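Engineer: Could you have a look at this structure, given as structure tokens, before my questions?
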Amino acid sequence: MTEDGGSCKLEVKHGEIAFVWGCQFIFLMRLFLSLLFALLISAPAFAAKPNVLLIIADDLGYNDVGFQGCKEIPTPHLDKLAARSLRFTNGYVSHPFCSPTRAGTMTGRYQHRFGHENNPAWLPEDTIAGLPVTETTFPQLMKQAGYTTGAVGKWHLGAHPQFHPNRRGFDEYLGILGGGHQYFPGDKGGVEYTIPLNRNGKDEAQTKYLTEQFGDEASAFIGRHAGEQKPWMLYLAFNAPHTPLQAPQKWLDQFSQIPDKSRQIYAAMVASMDEAVGGVLAKLDETKQSENTLIFFVSDNGGPNLAAKSGSNFTDNAPLRGAKGMVYEGGMRVPFLVSWPAKIKPGIYEQPVIALDFLPTSLAAADEAGLTPKNLDGVNLLPFLSGENTSAPHDTLFWRTNGPGGNNAVRRGNWKLVRLGKAEPELYDLAADIGETKNLAAEKPEIVKELVGAIAEWEKGTIPPIFQSPKQGPKKKKK
Ligand code: CA
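Each residue of the sequence shown is one higher than the one before, counting from 165 in the working numbering.
Shown next as structure tokens:
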């Protein structure tokens, strides 16, 4: 046989036919393997399942990052992410405050369906105040889809050991288990805000400014799992820029021109978080994972208005009405990005979407849509984002605080109905009036009736809160 495999000497003697055919076979096999190899090395990296990175900011104002139009607080790293993302102009979370919105995101379901409508108190002996263990979680499903799962940062889904991230689907965890924390090591404060960091169930010392430490930990996770056969999912939940207002001097100096002291510190905290996100994006680049990582970025709720407490409203939700805790747009319409360079073209997406969609979208991106539970409220966004499906992902979206009879909001198309307790419902046309300034309820009674009916129907699938937020008193049910 010649070296090029292309010609075998054809000498048909007894027993040599098989030899000749063997040469042809080897030649064809070599050709096939060469072609296969060429195909494999030229195939785009996204033939593999994407990594999934969910980044959540805490209490970030709608207008407090560059890509949302903020000029006062430069956020070059988040802006870079936005430039390679779809930016959602009608992106929502499922609650206007911390823990319930996380419960929704971690399950893909309205948290009202399982009574998680309040913030759990820091009560490590309480088996009720937390994300019910009967709920299947986002990371549990990603593990079934073959992913390594990690969480870094604020948990706030229950203090009892049964609610620990490692028990709820995350292979690896470093963070704060409560609803917030002091930012500098050794600072004094309430118990929940001063407990040691927790790494996989064990105490770990806080070593630096918390936002920086969480960014470093996220980058370490990304580096550690780069090049493995298994894809990874990382939930990076900053507690920044949630209070307490504490920031490193270098960033405070950067914003010395801001006259309002609270706003200055808050701006420094946002900038520090932006820097941490920059470190994470750099690590993705360095490890050649940027192209095939599906990134979601949101705030867990709108910016708070703490004017009564701190003397200034240091967050900016413009042009939205209201703030954290409220069912006006400022409570739960948030900065919202989805990036997946391998598959999703950057741009603007205007149909309403909600963070409940992250779970089913991630499973579909992993080509494991079959694992999607049937009881989700979130939907797989991929066909909508690609333009394959031009209709709206959701017919109607719902919000509720304080249980049945509390504060409701519902959005259908551009109509938004707000009903605060027993008050008369308010109706707004968000297309014409994003700031919810003109109540059209009296002019459109038929739409009010329809949307009030939609709330009643939705509430049939919800239950009253199973635990109360700490401020509302210890009305805990005990097992
Ligand atoms: Ca929050």
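From the three backbone atoms N, C-alpha and C, an ideal C-beta is built for every residue, glycine too.
In this text the structure is predicted, and so the values were computed from the model without any measurement.
Can you list, in chain order, the residues of its chain whose CB lies under 7 Å from that of S383, leaving out five sequence neighbours each side?
Structural biologist: Sequence index remark: in the sequence shown, residue 383 carries index 219 (1-based). Closer than 7 Å at Cβ, skipping near neighbours: G443, V444 and K447.
Engineer: Would you identify the three-state DSSP class for W415, choosing helix, strand or coil?
Structural biologist: Here the question's residue 415 lines up with position 251 in the sequence shown. Looking at W415 - three-state DSSP - the assignment turns out to be helix.
Engineer: Measuring from the CB of F261, is there a heavy atom of ligand 1 at a distance below 7 Å?
Structural biologist: For the purposes of this step, residue 261 is taken as residue 97 along the sequence shown, with counting starting at 1. Yes, ligand 1 has a heavy atom inside 7 Å of this Cβ.
Engineer: Just to check, is the beta-carbon of D222 closer than 7 Å to a non-hydrogen atom of ligand 1?
Structural biologist: Here residue 222 is taken as the residue at index 58 of the sequence shown, counted from 1. Flag set: Cβ of D222 near ligand 1.
Engineer: So, for G387: in the same chain, excluding its five sequence neighbours on each side, which residues have a beta-carbon less than 7 Å away from its beta-carbon?
Structural biologist: In the sequence shown, counting from the first residue as 1, residue 387 sits at position 223. Hits under 7 Å: K447 and T451.
Engineer: Do A401 and L458 have their beta-carbon atoms positioned less than 8 Å apart in this structure?
Structural biologist: Translated into the one-based positions of the sequence shown, residue 458 becomes position 294. Translated into the one-based positions of the sequence shown, residue 401 becomes position 237. No, the Cβ-Cβ distance between L458 and A401 is not below 8 Å.
Engineer: Measure the alpha-carbon distance for N578 versus L594 and round it to whole angstroms.
Structural biologist: The residue given as residue 578 occupies position 414 in the sequence shown. The residue given as residue 594 occupies position 430 in the sequence shown. So the alpha carbons of these two residues sit roughly 5 Å apart.
Engineer: Between the C-alpha atoms of I205 and L217, what's the straight-line distance to the nearest angstrom?
Structural biologist: For the purposes of this step, residue 205 is identified with residue 41 of the sequence shown, where counting begins at 1. For the purposes of this step, residue 217 is identified with residue 53 of the sequence shown, where counting begins at 1. Any reading at I205 must be qualified, since the residue scores a pLDDT of 46, below 50, and its modelled position is unreliable; no value is offered.
Engineer: Grab me the residues of G299's own chain with a C-beta within less than 7 Å of its C-beta, minus the 5 sequence neighbours each way, in chain order.
Structural biologist: Within the sequence shown, the letter at position 135 stands for residue 299. A small correction: the amino acid at residue 299 is Glu; Gly does not occupy that position in the sequence shown. Here the set comprises T271 and F278.
Engineer: Report buried or exposed for F631, applying the criterion of at least 16 other Cβ atoms within 10 angstroms of its Cβ.
Structural biologist: For this step, residue 631 is matched to residue 467 along the sequence shown. When all chains shown are included, F631 counts as buried.
Engineer: Among residues of its own chain, excluding the 5 on either side of P296, which ones have a beta-carbon nearer than 8 Å to its beta-carbon?
Structural biologist: The residue you call residue 296 lines up with position 132 of the sequence shown. Cβ within range, chain order: F278, G279, H280 and I630.
Engineer: Reducing DSSP to helix, strand and coil, say where M496 ends up.
Structural biologist: Taking the first residue of the sequence shown as 1, we reach residue 496 at position 332. In the structure shown, M496 sits in a helix (DSSP, three-state: H, G or I).
Engineer: Taking the alpha helix (DSSP H) that L245 belongs to, which residues open and close that run?
Structural biologist: In the sequence shown, residue 245 corresponds to position 81, counting from 1. Taken as a continuous stretch (DSSP letters only), the alpha helix (DSSP H) holding L245 covers P240 to A247.
Engineer: What residue does the beta strand (DSSP E) around F252 start on, and which one ends it?
Structural biologist: Here residue 252 refers to the residue found at position 88 of the sequence shown. Here the beta strand (DSSP E) through F252 covers L250 to F252.
Engineer: My assumption, with CB atoms under 8 Å, is that G322 sits in contact with G339. Please give the rounded CB distance.
Structural biologist: Reading the sequence shown from its first residue, position 158 is the one you call residue 322. Reading the sequence shown from its first residue, position 175 is the one you call residue 339. Between G339 and G322 the Cβ distance is about 14 Å, and since that is not below 8 Å, they are no contact.
Engineer: Which complete alpha helix (DSSP H) runs does the segment 278-357 hold, if anything under 4 residues is left out?
Structural biologist: Listed in chain order, they are 302-308.
Engineer: A267 bridges to which residues according to DSSP?
Structural biologist: Counted from its first residue, the sequence shown places residue 267 at position 103. A267 pairs with nothing; no bridge assigned.
Engineer: Which parts of the segment 458-525 are runs of the alpha helix (DSSP H), unbroken and 4 residues or longer, counting only runs that do not cross its ends?
Structural biologist: Taking only runs of at least 4 residues, the alpha helix (DSSP H) segments lying wholly in the segment 458-525 are 471-474 and 493-496.
Engineer: Alpha carbon to alpha carbon, how far is S436 from V229? Give it in angstroms, no decimals.
Structural biologist: Within the sequence shown, the letter at position 65 stands for residue 229. Within the sequence shown, the letter at position 272 stands for residue 436. Cα to Cα, the separation comes out at about 12 Å.
Engineer: Return the first residue and the last residue of the alpha helix (DSSP H) that T375 is part of.
Structural biologist: To locate residue 375, count along the sequence shown from 1; it is residue 211. Unbroken alpha helix (DSSP H) run through T375: L374 to R388.
Engineer: Helix, strand or coil for I630, going by three-state DSSP, please let me know.
Structural biologist: For this step, residue 630 is matched to residue 466 along the sequence shown. Of the three classes helix, strand and coil, the one that applies to I630 here is coil, per DSSP.
Engineer: Look at the alpha carbon of P634 and the alpha carbon of G570, and state the distance between them as a whole number of angstroms.
Structural biologist: Here residue 634 refers to the residue found at position 470 when the sequence shown is read from its first residue. Here residue 570 refers to the residue found at position 406 when the sequence shown is read from its first residue. Looking at the two C-alpha atoms, the distance is approximately 17 Å.
Engineer: Say yes only if the C-beta of H406 is nearer than 7 Å to one or more non-hydrogen atoms of ligand 1, and no if none qualify.
Structural biologist: Translated into positions along the sequence shown, residue 406 becomes position 242. Yes - ligand 1 has a heavy atom lying nearer than 7 Å to the Cβ of H406.
Engineer: Can we count D464 as close to ligand 1, meaning its CB is less than 7 Å from some heavy atom?
Structural biologist: Residue numbering aside, residue 464 sits at position 300 when the sequence shown is read from its first letter. Correct: D464 has its Cβ closer than 7 Å to ligand 1.
Engineer: Let's test the definition: count the other Cβ atoms within 10 Å of the Cβ of T554 and tell me whether it reaches 16, buried, or not, exposed.
Structural biologist: As a working note, residue 554 is residue 390 in the sequence shown. Classification of T554: exposed, given that the 10 Å Cβ count is below 16.
Engineer: Have a look at W563, P568 and L584 and flag the residue whose alpha-carbon is nearest the alpha-carbon of T574.
Structural biologist: Counting from one through the sequence shown, the residue named residue 574 turns up at place 410. What sits at residue 574 in the sequence shown is Val, not Thr. Out of W563, P568 and L584, W563 has the C-alpha closest to the C-alpha of V574.
Engineer: Quick check on the burial criterion: 16 or more other C-beta atoms within 10 angstroms. Buried or exposed for R583?
Structural biologist: Here residue 583 is taken as the residue at index 419 of the sequence shown, counted from 1. R583 comes out buried.
Engineer: Does the distance from the CB of G333 to the CB of K213 come in under 8 Å?
Structural biologist: By one-based count along the sequence shown, residue 333 stands at place 169. By one-based count along the sequence shown, residue 213 stands at place 49. In this structure, K213 does not lie closer than 8 Å to G333 by Cβ.
Engineer: Can you say whether N481 is buried or exposed, counting buried as having 16 or more other CB atoms within 10 angstroms of its CB?
Structural biologist: The count along the sequence shown starts at 1 and reaches residue 481 at position 317. Under this definition N481 is a buried residue.
Engineer: Can you have a look at D464 and say buried or exposed, based on whether 16 or more other CB atoms are within 10 angstroms of its CB?
Structural biologist: The count along the sequence shown starts at 1 and reaches residue 464 at position 300. Looking at its Cβ environment, which holds 16 or more other Cβ atoms inside 10 Å, D464 is buried.
Engineer: Rounded to the nearest angstrom, what separates T269 and V498 at their Cα positions?
Structural biologist: Start at 1 with the first residue of the sequence shown, and residue 269 comes out as number 105. Start at 1 with the first residue of the sequence shown, and residue 498 comes out as number 334. If I take the Cα positions, the gap works out to 14 Å.
Engineer: Is it true that the CB of V355 sits closer than 8 Å to the CB of W415?
Structural biologist: The count along the sequence shown starts at 1 and reaches residue 415 at position 251. The count along the sequence shown starts at 1 and reaches residue 355 at position 191. No.
Engineer: Classify K318: buried if its beta carbon has 16 or more other beta carbons within 10 angstroms, exposed otherwise.
Structural biologist: Working through the sequence shown from its first residue, we reach residue 318 at position 154. Classification of K318: buried, given that the 10 Å Cβ count is 16 or more.
Engineer: May I ask you to list the residues that DSSP assigns as paired with A573?
Structural biologist: Here residue 573 corresponds to residue number 409 of the sequence shown, with the count starting at 1. Answer by DSSP bridge pairing, in chain order: W563 and V582.
Engineer: Which residue comes first and which comes last in the beta strand (DSSP E) that contains L591?
Structural biologist: Here the question's residue 591 lines up with position 427 in the sequence shown. Residues E590 to D593.
Engineer: Tell me where the alpha helix (DSSP H) around R427 begins and ends.
Structural biologist: Residue 427 sits at position 263 when you count from the first residue of the sequence shown. Unbroken alpha helix (DSSP H) run through R427: K425 to E450.
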